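Encoded as structure tokens, the structure appears first; notes follow it.
In the working numbering, the protein residues as written are 1 to 538.
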């Protein structure tokens, strides 16, 4: 049995696991990722990518590739409800489509105010290969067809036994930490005995049929992303995969009545599809058939000593709003820089406790919103939503942990509207800057190290950051913003956007969240910055 040491063992090669690998590599942390399946996803599950997740992919240099892969679905918008696909009235369809165009234009305009990135539609079958290729180019250590058999952890690390499912060869891996990205049925979460909370299955059980068929006589390209089929025999929803001839059909089934996946043969699924479409002589090719359920479930803890739960292993939420995989990717983003800081001995291991403190609350907020969004759909347009705002749920949550230096404020952070104004614990506001002759976002300066934004006259802050970086061994990049600074605003002022004076400063973590802010100048920047960084990291 071979023995090997690697700083981080990632179990699970889905979106959360692959993103973890890419982010760790960016922070110069070696890893081994194992995935029990033989390759990337073969079924188009998660498809919606929020603009916040696209910001993370932008940091990784993958935004352009993902945007290209998403082009076929760029103009898909909105939803309609019909008896069958054949029954669609072309005139009503055009009217509904035009109204959706107006809503989409307003939606994009709202995104552009707060982010350099726009949301995208790119299914897991397209996205995972892009992430995998990037990991391979970065010399990542990834093994498919490899499964975790067991693991034990002690005060110094984790010892895992893995097996090559093709050859049966077993191997022991010693790692400092283990990242559990092993999905909804996470065996690692079960091993930790971490309980879960939530209402379980809340939206019923469904069969997901991935198929190919030419529906061009009923639907033209670039129309609706969700078509509800009201035919009571096959009540469900049709969703386009490639805006051409590949589709997913979700049809409900009832396990309590004895129905199971085995009851949905290819023959039966073809009959379901023909009834939903309204045509009996249609050529259909079925690629795969999967069961799924709308589930609300959150682990009570995202950390068990040296083991961390991310993605579906940590939380399950209904698909309404498309938050599930995005939340998992943001878990990976939050955890990676902290693991890197501890591995590189730039931080005390207690920094890792802030992963649960920050991401658990964010996951709970997102799950609540997704569940309420699902109920509003089930009740056919009758809103059961609370006062949370969609943009705020996407990017407006606030972290509270020892990795954030709170301000004395009587103002409660709101989730009924998006507030990104430089407050510690929130994502740094986006604004366009001119830097080294190029137009960039403030967010483009963030990703690898801590960032200190200051006014244009920042010699004292620059000296303070240099001294603190040398003392703690933690790089801090300093950018003066102003007409004569490192960065020049294209419009507006950074002081107004970040709510500081020209003498103030804002410290931003590698994950883009604000760690600390001083609105005014201070008498001893070096001493204060040293205290702040020490408080966050040690």
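Built from N, CA and C at the ideal position, the CB exists for glycine as well. Since this is a predicted model, take the numbers as computed values, not measurements.
- prompt: Where does residue 536 sit, in a helix, a strand or coil, going by DSSP?
  reply: helix
query: What do you reckon, are the CB atoms on residue 11 and residue 418 nearer than 9 Å?
result: no
C-beta neighbour in chain D for residue 166, strict 9 Å: Absent here is chain D; the protein component of the structure consists of one chain.
message: According to DSSP, is residue 184 part of a helix, a strand, or is it coil?
response: coil
message: Give me the residue from 533, 135 and 109 with the minimum Cα distance to residue 57.
response: 135
- request: List in chain order: all unbroken beta strand (DSSP E) runs of 3+ residues lying wholly within the segment 215 to 299.
  value: 226 to 229, 236 to 240, 246 to 253 and 285 to 299
task: Give the C-beta separation of residue 152 and residue 307 to the nearest angstrom, bearing in mind that I take them to be a contact with Cβ-Cβ under 8 Å.
output: So it is not a contact: roughly 11 Å between Cβ atoms.
Residue 285 burial status per 10 Å Cβ neighbour count (16 or more: buried): exposed
field: Unbroken stretches of the alpha helix (DSSP H), 4 residues or longer, contained in the segment 312 to 400
entry: 324 to 343, 353 to 378 and 390 to 395
Cβ-based burial, residue 31 [other Cβ within 10 Å; buried from 16]: buried
- request: Please state if the CB of residue 445 and the CB of residue 487 are separated by a distance shorter than 9 Å.
  value: yes
message: Using only CA atoms, which one of 434, 364, 150 and 17 lies nearest to residue 198?
response: 364
query: In chain order, what residues of the same chain lie with their CB nearer than 6 Å to the CB of residue 434, ignoring the 5 residues before and after it?
result: 488
message: So, does the segment 51 to 66 touch the segment 247 to 261, judging by three or more C-beta pairs under 8 Å?
response: no
Bounding residues of the alpha helix (DSSP H) (the contiguous stretch that carries residue 130): 124 to 137
field: alpha helix (DSSP H) segment containing residue 17, residue limits
entry: 15 to 26
- prompt: Under the DSSP definition of a beta bridge, which residues are partnered with residue 81?
  reply: 228
Alpha-carbon spacing of residue 288 relative to residue 499, whole angstroms: 52 Å
query: Under a three-way DSSP split, which group does residue 412 fall into?
result: coil
- prompt: According to DSSP, is residue 306 helix, strand or coil?
  reply: coil
field: Pairwise C-alpha distance: residue 311 and residue 318
entry: 13 Å
- prompt: What is the residue span of the alpha helix (DSSP H) that residue 466 lies within?
  reply: 459 to 472
query: Applying the criterion that 16 or more other CB atoms from any shown protein chain within 10 Å of the CB defines a buried residue, is residue 5 buried or exposed?
result: exposed
message: Measuring only the C-alpha atoms, how far is residue 502 from residue 477?
response: 18 Å
message: Classify residue 491: buried if its beta carbon has 16 or more other beta carbons within 10 angstroms, exposed otherwise.
response: exposed
- prompt: Which residue's Cα is closest to the Cα of residue 347: 33, 532 and 123?
  reply: 532
Within 9 Å, strictly: CB atoms of residue 187 and residue 162: no
- request: With a cut-off of 8 Å on the beta carbons, I'd call residue 300 and residue 196 a contact; round off their distance for me.
  value: 7 Å
message: If you reduce the DSSP assignment to three classes, tell me which class residue 5 lands in.
response: strand
- request: Mark residue 524 as exposed unless 16 or more other C-beta atoms lie within 10 angstroms of its C-beta, in which case mark it buried.
  value: exposed
Residue span of the alpha helix (DSSP H) that contains residue 67, given as start and end: 63 to 70
field: Inter-stretch contact (C-beta, 8 Å, three-pair minimum) for the segment 337 to 346 and the segment 36 to 53
entry: no
task: Pick helix, strand or coil for residue 531, following the three-state DSSP scheme.
output: helix
message: Does the contact criterion of 3 or more C-beta pairs under 8 Å hold for the segment 157 to 176 versus the segment 203 to 217?
response: no
Residue 45 (DSSP reduced to helix, strand or coil): coil
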